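Heads up: the protein sequence lines correspond to chains C and B, in order. Numbering (the working numbering) for the first sequence: 19 to 353. Numbering (the working numbering) for the second sequence: 19 to 353. The beta carbon of each residue, even a glycine, is placed where N, CA and C say it ideally should be. Since the model is a prediction, treat every value here as computed from it, not as a measurement.
Number of protein chains: 2
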Amino acid sequence: MDKTISLNARILAAASVVGSKEAAGPLGKCFDFIDDTDRFGAKTWESAEAEMQRMAFNTALAKAKCSEDRVGALFAGDLLNQCTGSAYGLLSFDIPYFGLYGACSTCAESLLLASVMVSTGIYERCGAVTSSHYCSAERQFRTPLEYGSQRTPTAQWTVTGSGAFLVTDAREKAVGRSAVITRAMPGKAAEKGINDANNMGAAMAPAAEDTLVRFFRVTGERPENYDLIVTGDLGYEGGEILSDLMRFQGYPMGERYTDCGKLIFYRKKQDVHGGGSGCGCSAVVLASHLIPKLESGELSRILFLSTGAMMSPDSIKQGESIPAVAHLLEFEGRE
Amino acid sequence: MDKTISLNARILAAASVVGSKEAAGPLGKCFDFIDDTDRFGAKTWESAEAEMQRMAFNTALAKAKCSEDRVGALFAGDLLNQCTGSAYGLLSFDIPYFGLYGACSTCAESLLLASVMVSTGIYERCGAVTSSHYCSAERQFRTPLEYGSQRTPTAQWTVTGSGAFLVTDAREKAVGRSAVITRAMPGKAAEKGINDANNMGAAMAPAAEDTLVRFFRVTGERPENYDLIVTGDLGYEGGEILSDLMRFQGYPMGERYTDCGKLIFYRKKQDVHGGGSGCGCSAVVLASHLIPKLESGELSRILFLSTGAMMSPDSIKQGESIPAVAHLLEFEGRE
Numbered sequence: 019m020d021k022t023i024s025l026n027a028r029i030l031a032a033a034s035v036v037g038s039k040e041a042a043g044p045l046g047k048c049f050d051f052i053d054d055t056d057r058f059g060a061k062t063w064e065s066a067e068a069e070m071q072r073m074a075f076n077t078a079l080a081k082a083k084c085s086e087d088r089v090g091a092l093f094a095g096d097l098l099n100q101c102t103g104s105a106y107g108l109l110s111f112d113i114p115y116f117g118l119y120g121a122c123s124t125c126a127e128s129l130l131l132a133s134v135m136v137s138t139g140i141y142e143r144c145g146a147v148t149s150s151h152y153c154s155a156e157r158q159f160r161t162p163l164e165y166g167s168q169r170t171p172t173a174q175w176t177v178t179g180s181g182a183f184l185v186t187d188a189r190e191k192a193v194g195r196s197a198v199i200t201r202a203m204p205g206k207a208a209e210k211g212i213n214d215a216n217n218m219g220a221a222m223a224p225a226a227e228d229t230l231v232r233f234f235r236v237t238g239e240r241p242e243n244y245d246l247i248v249t250g251d252l253g254y255e256g257g258e259i260l261s262d263l264m265r266f267q268g269y270p271m272g273e274r275y276t277d278c279g280k281l282i283f284y285r286k287k288q289d290v291h292g293g294g295s296g297c298g299c300s301a302v303v304l305a306s307h308l309i310p311k312l313e314s315g316e317l318s319r320i321l322f323l324s325t326g327a328m329m330s331p332d333s334i335k336q337g338e339s340i341p342a343v344a345h346l347l348e349f350e351g352r353e
Numbered sequence: 019m020d021k022t023i024s025l026n027a028r029i030l031a032a033a034s035v036v037g038s039k040e041a042a043g044p045l046g047k048c049f050d051f052i053d054d055t056d057r058f059g060a061k062t063w064e065s066a067e068a069e070m071q072r073m074a075f076n077t078a079l080a081k082a083k084c085s086e087d088r089v090g091a092l093f094a095g096d097l098l099n100q101c102t103g104s105a106y107g108l109l110s111f112d113i114p115y116f117g118l119y120g121a122c123s124t125c126a127e128s129l130l131l132a133s134v135m136v137s138t139g140i141y142e143r144c145g146a147v148t149s150s151h152y153c154s155a156e157r158q159f160r161t162p163l164e165y166g167s168q169r170t171p172t173a174q175w176t177v178t179g180s181g182a183f184l185v186t187d188a189r190e191k192a193v194g195r196s197a198v199i200t201r202a203m204p205g206k207a208a209e210k211g212i213n214d215a216n217n218m219g220a221a222m223a224p225a226a227e228d229t230l231v232r233f234f235r236v237t238g239e240r241p242e243n244y245d246l247i248v249t250g251d252l253g254y255e256g257g258e259i260l261s262d263l264m265r266f267q268g269y270p271m272g273e274r275y276t277d278c279g280k281l282i283f284y285r286k287k288q289d290v291h292g293g294g295s296g297c298g299c300s301a302v303v304l305a306s307h308l309i310p311k312l313e314s315g316e317l318s319r320i321l322f323l324s325t326g327a328m329m330s331p332d333s334i335k336q337g338e339s340i341p342a343v344a345h346l347l348e349f350e351g352r353e
């Protein structure tokens, strides 16, 4: 029984905090805060990631001129073991906390659940925060940076960044045009036999296909009804696979399809191989690039999917394949 | 702005799957499935944990005579890095998947979000599944079992078990008396300076206190209005601290307070020191012991809190304190 979730959640504010490599990329001028050292004043990479979450959510609160006691709940997650980026990063906020783990799908997962809370009137406002950090991710998932390992051509580059969003019931009066989350299609966990942790795009593309096809079938929508269809972090390899899969399914997406992992870095100049990835990838691209375009009128209607590869370093060593999931959100720009 | 969430979610079915030590405890006869080898037919402890989740949710579906296409979404989590117990364990179900991480608070967190979904009519039915495994937890959080490390007096014993729940809109007609989730108070992340990973009860007790006090203040309820107030896995040490804290706050709980970590093992005979812990602890005690008592009429009204300590082995080594969270659910037995 596939069904979409009807939502009516306005993005009250979105904020992005990134590191040096992201600042040097095509969206460099769009981010709210940049630390060229990638350290954010912290002694460890893990604390730096937590600090990015704190800064991103604080910035979102400030942009909305919203005090924390008006925020009903926080939905947050990251890639670190036991999601410590979120647990430590958001500890200073006196707000109920829901920890999530959807790997790189967490941005859409957190926005989906926050939107459910405000659309059903349970809370007036909710926050959604996610992050990833290249240095904490590399030493946890692959090898410590000091080893200087070579990267395979399909390997993706984990984005150092955190995106934070404040959503509110869209019936709350807006000042000017804003981005509204109107529908969602939650993803199902899928696994198609890929067990190469350096090719996560290939592992995640079938999950994105499954969610997109279910959304188009249930709603009767077509790719051409949207200005843009953008996935979280399939990158170049996974993005190409998804394009092919959707064409075979009878939903060719053509030029209106892109991926946050392609948008965030210059492919050749920045030597990122497969493109950007990580929970922070789709979060900071949504916050700094897509939502502003929905607000300005440059985009009217988009589909946004975050895609997550939910393996662990141990599960890969134990010979398991990579389970993936993709959650879809439909955004509209509205006066 | 503290507020409770009003819910109306009936427990359609609850199932529990445990290992040998749990089977030898006081609730041994109440569990649905026991594997005396703790291996559940799997080659690794991590796969064994995943298999417990699959079995537990399958058993819940069978008890409710419910096909998986009637289940709108699954909310699941566990303690393993990247929550692979849930991602791999529930992969075979063709149901939208929301991954959660709230450490040992995940049982209440998953039930809370599943209850929101059915109480607001977004889905007709939802599943909530959590697990922990002594052998996978020890080698991940402390030391491999083969080392034969000595345990400190306050150390808790991670429960090998998985609990699964199927919830439905309580307006759906029930056959006989059942357990209904009527209200929830989500927890805030709190940290009070404890950084001893062998004394998690002490780290989690202030989080439970905070949630309980906020619930009593907002609702005007008192401990004496409940047959039982039961926390997830504070164990003996944390449970005593919570009792003291609540007395100081003017809400003495007396004999009506207990903890799932005390209920699941014989303290001395089973050499468990601080009591049981882990996501599976509160999940299997709720599924096998508390819900049947609500259904039989032995209990009418209880408060159930799962408590989570959200540190990672790395964050402890880096000198950080332990952030904790406790989510509260109010249950009533109803015809």
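For the stretch 149–182 of chain C, the beta-carbon criterion of a distance under 7 Å to any beta-carbon of chain B is satisfied by none of its residues. At the C-beta level, Gly279(B) and Gly238(B) stay beyond 7 Å of one another.
Put simply, the CB of Gln71(B) is far from chain C, with every gap to its CB atoms at 7 Å or more. Those residues of the stretch 190–215 of chain B placed with their C-beta closer than 9 Å to a C-beta in chain C are Met203, Pro204, Gly205, Lys206, Ala207, Ala208, Glu209, ordered along the chain. Judged by DSSP in its simplified three-state form, Ile340(C) adopts coil rather than helix or strand.
Neighbours of Asp112(C) in chain B, taken as residues whose beta carbon is under 9 Å from its own, are Lys206 in chain order.
Counting the other Cβ atoms within 10 Å of the Cβ of Asn243(B) gives fewer than 16, which makes it exposed. Contact of Gly298(C) with chain B by beta-carbon distance below 7 Å is absent, the smallest such distance being about 16 Å.
Arg265(B) and Met271(B) have their C-alpha atoms roughly 7 Å apart.
Taking one beta carbon from each stretch, the stretch 26–34 of chain B and the stretch 124–143 of chain B have 3 or more pairs nearer than 8 Å; the two touch. Our two residues, Gln71(B) and Ala155(C), have alpha carbons roughly 27 Å apart in a direct line. Secondary structure in the stretch 169–246 of chain B: the alpha helix (DSSP H) runs of 4 residues or longer, each lying completely within the stretch, are 218–237 in chain order.
Bridge pairing for Leu109(B): absent [DSSP]. The three-state secondary structure of Pro44(B), taken from DSSP, is coil. With respect to the 7 Å criterion, Cys125(B) and Ser324(B) are classified as neighbours on the basis of their beta carbons. Within the stretch 112–175 of chain C, the complete beta strand (DSSP E) segments at least 3 residues long are 115–117, 143–150, listed from N- to C-terminus. One Cα belongs to Glu69(C), the other to Gly103(C), and the distance between them is close to 8 Å.
The C-alpha of Gly256(B) is placed about 19 Å away from the C-alpha of Arg232(B). Rounded to the nearest angstrom, the Cβ distance from Ala182(C) to Ala78(C) is 4 Å, consistent with a contact under 8 Å. DSSP places Glu353(C) outside both helix and strand once states are collapsed to three, so it counts as coil. Closest by C-alpha distance to Gly219(C), out of Trp175(C), Arg201(C), Arg195(C), is Trp175(C).
Per DSSP, the continuous alpha helix (DSSP H) segment holding Asn76(B) begins and ends at 63–81. In terms of CA proximity to Val248(C), Ser123(C) leads the group Ser123(C), Ser330(C), Glu209(C). Where Arg319(B) is concerned, the enclosing beta strand (DSSP E) starts and stops at 319–327. Taking a Cβ-Cβ threshold of 8 Å, the residues of chain B close to Asn99(C) are Asn99, Gln100, Ser330, Pro331, Asp332, in chain order. Here the alpha carbons of Glu350(B) and Lys335(B) stand approximately 42 Å from one another. With respect to the 7 Å criterion, Tyr165(C) and Val343(B) are not classified as neighbours on the basis of their beta carbons.
For Val35(B), the three-state secondary structure derived from DSSP is strand.
Boundaries of the alpha helix (DSSP H) harbouring Val302(C): 297–303, taken from the DSSP string. Taking the C-beta atoms as reference points, Val198(B) is found no nearer than 7 Å to Gly145(B). The stretch 296–306 of chain C and the stretch 43–54 of chain C touch, with three or more beta-carbon pairs separated by less than 8 Å. Under the three-state reduction of DSSP output, Asp277(B) falls in the strand class. Per DSSP, Asp262(B) is one residue of the alpha helix (DSSP H) stretching across 253–266. In terms of Cα proximity to Val147(B), the closest of Ala60(B), Glu127(B), His345(B) is Glu127(B).
For Ala82(B), the CB contacts under 7 Å within the same chain, skipping 5 residues up- and downstream, are Leu30, Ala31, Leu184 in chain order. Excluding five sequence positions before and after Gln267(B), the CB atoms of its chain that fall closer than 6 Å to its own CB belong to Val231, given in chain order.
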